Amino acid sequence: MHRDLRLTAVGRRYGVRGPWVLRGVDLTIAPGTLTRIEGANGTGKSTLLRLLARLDAPTEGRITGRPRTAYVPERFPSALPFTAAGYLTRLGTVHGLSRASAARAAGAWLERFGAAAYAGTPMARLSKGSSQKIAVAQALLADPELLVLDEAWTGLDADARDELERAVAERTAAGGAVVFVDHDPRRLAGAPDATYTVIEGGLKSGAGGGGPAAGALAVIVVQGGGQLPPDAARLVTTAEETGPGRHRLTVPASHSDVLLRTLLATSPPWHVVSVAPPAGTAGPPLDPRSRV
Amino acid sequence: MSALLRYHVELLLRSQRWLAPVILYAAFLGVGVQGGQPVLDSLGYAAAGLLPVAAWLVRICVTGEPPAARAVVAAPHGPARAHLACLLTALLAAAVLGTAATLVVTLISDPASNGARVRVDRLGAGAAGLAAAYACALLGAAVGALTHWPLLRSAGRAVPAMLLGALMATVLAGSPAQAAVSGLVTGSQSGRVPVPLLPLAGAALLAAAAFAAACALTARRTP
């Protein structure tokens, strides 16, 4: 994304004399950031997301910046005359990929969301959850600069929900912006760079009720020289130095893979001493030295 | 843009909703055109019938996608370009149909004026018929673009508006389609092959304006 996506005093209403759905909204979406939008039903969250995706033009105010956008609607009807893989391949080319790389990406993302078995199934025969997987996969095919998720997790199974959280973490780590709406307060808890609440047609900074929820945190102990790399420091929730060069990091569970990748890819690479899954999930901490 | 076009063409072909207008158009030609009739007269008839078919094809293309699927496809390049690809697909389909019909009618008809008084050049007649068919396809697509989403949404309004629009565009004096068709019909009486380039240019201009208006409104209307 060359420039930020910027909304200035944006208002939107449907019809010439319709009521204002949104008014006086100022919002900047910078590359590499994760933004959460909250609000009660019918307050205009979806309208705001449609404005951000540039699917809707504002009635007043202006929007500048047009990143390469991918959009996941809250309900994705699958009444299209294609197979799952065929639809994703075509969407990949619409997103700017060549036919061959679109087909490759389609296969890879179907696999990641556990839908590889449905690759050859006609869209019309997919279940609601499976067609939501297709809607999510099409958005991730071509590494968009802006990913807009309108309750994209609704209808996905547990594995696919976690996979989508990880995909969001990867996208922001790669410099893409992600904006999402979800009714589950634990969704990507602790990870958003900014949270906004839509109230009475306006946008308020901060969470709607009771502050940010504490999400599952993974505990990672690493050993390395000097300061934590800035890319890694941005991801962690807490970091304490427990010994010389040894750091105990906590990170939102969705972002643990990205954090490990960042630390292992720094030069010289950091040594991962142990990774403990979030408290409450099964299994003892994995300590490489305790293995026989 | 080419990826968007390909997507919409495949959507149209696989939906099989094109069958109904194509069959109806074939039946319309089967009733009105017979081998050995004066070529210009038959070409005029074929071109006039193409206008409502083009409007219908626009209806099929525009309503072929559920709104959510349309939003997904519109995100990468903006809704205006996605809608333009959709309209161009319908226009392309109408043009292909018009070309095929013109070819068949030119080949099976008698290359002569009404009453077989004057010989008519078959090639020239075919070219004139093609220009008239394209003028009708363009105008029909314009009518379709202006009578569907994003301008009109409910089928209860869109279908009557489309039918009325198509009828007016075919018969009203001053319409490029009417000018092109009546040029062929009067040409068939005199035996002089018309050159309907002016109606074709007028229809292209109207279609461009209608497409531009529809595309500009895509982001302003309720999905």
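Quick mapping for you: the protein sequence lines, in order, are chains U and Z. Numbering-wise (the working numbering), the first sequence opens with residue 7 and increments by one. Numbering-wise (the working numbering), the second sequence opens with residue 28 and increments by one. Note that CB positions come from ideal geometry on N, CA and C, so glycine has one too. As the structure is a computational prediction, the values presented were derived from the model and not from experiment.
Just checking my contact of residue i with residue j at CB under 8 angstroms: how many whole Å lie between their CB atoms?
i                 : j                 : result
Ala-117 (chain Z) : Cys-88 (chain Z)  : 4 angstroms
Pro-323 (chain U) : Arg-19 (chain U)  : Because chain U in this structure spans residues 7 to 298, residue 323 (chain U) falls outside the shown range and cannot be described.
Val-204 (chain U) : Ala-282 (chain U) : Their Cβ separation, rounded to whole angstroms, is 37 angstroms, which puts Val-204 (chain U) and Ala-282 (chain U) out of contact at 8 angstroms.
Gly-208 (chain U) : Gly-30 (chain U)  : 6 angstroms
Leu-86 (chain U)  : Ala-148 (chain U) : Not confirmed; about 19 angstroms, so no contact.
Gly-91 (chain Z)  : Leu-38 (chain Z)  : 6 angstroms
Val-78 (chain U)  : Ala-145 (chain U) : 5 angstroms
Ala-160 (chain Z) : Ala-74 (chain Z)  : 5 angstroms
Trp-83 (chain Z)  : Pro-106 (chain Z) : That belief does not hold up - the Cβ atoms of Trp-83 (chain Z) and Pro-106 (chain Z) are roughly 23 angstroms apart, past 8 angstroms.
Thr-39 (chain U)  : Thr-178 (chain U) : 7 angstroms
Leu-166 (chain Z) : Ala-204 (chain Z) : 4 angstroms
Phe-82 (chain U)  : Ala-95 (chain Z)  : 5 angstroms
Gly-98 (chain U)  : Ala-108 (chain U) : 3 angstroms
Between the options, which lies nearest to residue i when the distance is taken from Cα to Cα?
i                 : options                                       : result
Thr-49 (chain U)  : U:Pro-79, U:Thr-160, U:Val-187 and U:Arg-60   : U:Val-187
Gln-138 (chain U) : U:Phe-88, U:Glu-151, U:Ala-148 and U:Thr-160  : U:Thr-160
Ala-53 (chain Z)  : Z:Leu-124, Z:Ala-230, Z:Leu-244 and Z:Ala-234 : Z:Leu-124
Gly-221 (chain U) : U:Ala-114, U:Gly-196 and U:Pro-235            : U:Gly-196
Phe-119 (chain U) : U:Pro-128, U:Asp-165 and U:Thr-99             : U:Asp-165
Gly-14 (chain U)  : U:Asp-168, U:Pro-64 and U:His-253             : Note on residue identity: the sequence assigns Thr, not Gly, to residue 14 (chain U). When each option's Cα is compared against that of Thr-14 (chain U), the closest is U:Pro-64.
Leu-157 (chain Z) : Z:Met-195, Z:Ala-185 and Z:Leu-70             : Z:Leu-70
Pro-60 (chain Z)  : Z:Thr-126, Z:Val-36 and Z:Thr-133             : One point to set straight first is that residue 60 (chain Z) is Val, not Pro, in the sequence displayed. Closest option to Val-60 (chain Z), Cα to Cα, is Z:Thr-133.
Leu-132 (chain U) : U:Leu-162, U:Ala-106 and U:Ala-109            : U:Leu-162
Arg-248 (chain Z) : Z:Ala-237, Z:Ala-228 and Z:Trp-176            : Z:Trp-176
Asp-237 (chain U) : U:Ser-260, U:Thr-99, U:Thr-272 and U:Gln-229  : U:Thr-272
Ser-280 (chain U) : U:His-253, U:Gly-71 and U:Val-16              : U:His-253
Pro-274 (chain U) : U:Pro-284, U:Arg-42 and U:Gly-232             : U:Gly-232
Thr-129 (chain Z) : Z:Arg-97, Z:Val-198, Z:Leu-114 and Z:Val-208  : Z:Val-208
Leu-233 (chain Z) : Z:Ala-243, Z:Ser-202, Z:His-104 and Z:Leu-244 : Z:Ser-202
Ser-181 (chain Z) : Z:Phe-55, Z:Arg-86 and Z:Trp-45               : Z:Arg-86
Pro-198 (chain U) : U:Ala-175, U:Gly-251 and U:Lys-134            : U:Ala-175
Arg-96 (chain U)  : U:Arg-9, U:Ala-143, U:Arg-167 and U:Pro-191   : U:Ala-143
Tyr-34 (chain Z)  : Z:Ala-169, Z:Leu-150, Z:Ile-135 and Z:Ala-101 : Z:Ala-101
Keeping to the same chain, check which residues put their C-beta closer than 6 angstroms to that of residue i; ignore five residues upstream and five downstream.
i                 : result
Gly-217 (chain U) : Unreliable placement is indicated for Gly-217 (chain U), whose pLDDT of 47 sits below 50; the coordinate value is still reported in the next sentence. Contacts found: none.
Ala-241 (chain Z) : Ala-172
Glu-80 (chain U)  : Asp-156 and Glu-157
Ala-91 (chain U)  : Ala-112 and Ala-125
Pro-79 (chain Z)  : Ala-193
Ala-206 (chain Z) : Pro-226
Leu-119 (chain Z) : none
Leu-255 (chain U) : Ile-226, Val-242 and Ala-245
Leu-194 (chain U) : Glu-171 and Ser-260
Trp-276 (chain U) : Val-228, Gly-230 and Leu-269
Glu-66 (chain U)  : Gly-17
Leu-244 (chain Z) : Pro-177
Here's a check: name, in chain order, each residue in its chain whose Cβ is nearer than 7 angstroms to the Cβ of residue i, leaving out the five neighbours to either side.
i                 : result
Asp-137 (chain Z) : Gly-63, Gln-64, Pro-65, Val-66 and Ala-143
Arg-108 (chain Z) : Met-28 and Leu-31
Ser-136 (chain U) : Ala-121 and Tyr-124
Val-257 (chain U) : Leu-223, Ala-224, Ile-226, Leu-241, Val-242, Thr-243 and Leu-265
Val-147 (chain Z) : Val-66, Leu-67, Pro-138, Ala-139, Ser-140, Gly-218 and Val-220
Ala-188 (chain Z) : Thr-174 and Leu-179
Val-212 (chain Z) : Asp-68 and Gly-71
Ala-152 (chain Z) : Val-66, Leu-67, Leu-70, Thr-133, Pro-138 and Val-220
Thr-197 (chain Z) : Ala-75, Leu-78, Ala-204 and Gln-205
His-110 (chain Z) : Ala-241, Cys-242 and Thr-245
Which residues in the same chain have their Cβ closer than 8 angstroms to the Cβ of residue i, if we skip the five residues on either side of it in sequence?
i                 : result
Leu-152 (chain U) : Met-7, Leu-11, Ile-35, Leu-58, Ala-59, Pro-73, Arg-74, Thr-75, Ala-76, Gly-182, Ala-183, Val-184 and Val-185
Thr-53 (chain U)  : Arg-18, Val-27, Leu-28 and Asp-62
Met-129 (chain U) : Ser-84, Ala-85, Leu-86, Pro-87, Phe-88, Thr-89, Ala-90, Tyr-93, Ser-137 and Ile-140
Val-222 (chain Z) : Ala-155 and Ala-158
Thr-126 (chain Z) : Leu-157 and Ala-160
Asp-32 (chain U)  : Leu-13, Thr-14, Ala-15, Val-16 and Leu-209
Tyr-202 (chain U) : Leu-33, Thr-41, Arg-42, Ile-43, Glu-44, Leu-209, Lys-210, Ser-211 and Gly-212
Leu-51 (chain Z)  : Val-80
Item to check | Contact list for the region 31-50 of chain Z against chain U, Cβ threshold 9 angstroms | outcome: Leu-31, Arg-33, Tyr-34, Glu-37, Leu-38, Leu-40, Arg-41, Ser-42 and Gln-43
Item to check | Residues of the region 105-138 of chain U whose Cβ lies closer than 7 angstroms to any Cβ of chain Z, in chain order | outcome: none
Checklist entry - Along the chain, which unbroken stretches of the alpha helix (DSSP H) at least 4 residues long are found entirely within the region 17-68 of chain U? => result 51-58
Checklist entry - Can you list, in chain order, the residues of the region 80-100 of chain Z whose Cβ is nearer than 7 angstroms to any Cβ on chain U? => result Pro-93, Ala-95, Ala-96, Ala-98, Val-99 and Val-100
Next on the checklist: To test your reading of the DSSP string, which unbroken beta strand (DSSP E) runs of 3 or more residues are found completely within the region 155-202 of chain Z?
Outcome noted: none
Item to check | Against chain U: residues of the region 228-250 of chain Z by CB proximity under 7 angstroms | outcome: Ala-246, Arg-247 and Thr-249
Next on the checklist: Which runs of the alpha helix (DSSP H) at least 4 residues long sit entirely within the region 237-271 of chain U? Give them in chain order.
Outcome noted: 262-271
Next on the checklist: Restricting to runs no shorter than 4 residues, where is the alpha helix (DSSP H) found entirely within the region 133-202 of chain U?
Outcome noted: 134-146 and 164-179
Checklist entry - Any residues in the region 73-92 of chain U with a beta carbon nearer than 9 angstroms to a beta carbon of chain Z? Which ones, in chain order? => result Arg-74, Thr-75, Ala-76, Tyr-77, Val-78, Pro-79, Glu-80, Arg-81, Phe-82, Pro-83, Ser-84, Ala-85, Leu-86, Pro-87, Phe-88 and Gly-92
Checklist entry - Taking Cβ-Cβ distances below 8 angstroms as the criterion, which residues of the region 101-117 of chain Z are in contact with chain U? => result Ala-101, Ala-102, Pro-103, His-104, Gly-105 and Pro-106
Next on the checklist: Report the start-end ranges of each beta strand (DSSP E) in the region 65-114 of chain U that is 3 residues or longer and not cut off at the edges.
Outcome noted: 66-70 and 75-78
Next on the checklist: Extract the residue ranges of the beta strand (DSSP E) inside the region 52-134 of chain Z, only unbroken runs of 3 or more that lie entirely within it.
Outcome noted: none
Checklist entry - Which residues, in order along the region 234-248 of chain U, keep a beta-carbon less than 7 angstroms from a beta-carbon of chain Z? => result none
Checklist entry - Residues in the region 43-70 of chain U with C-beta within 7 angstroms of chain Z's C-beta atoms, listed in sequence order? => result Ala-59, Arg-60, Leu-61, Asp-62 and Ala-63
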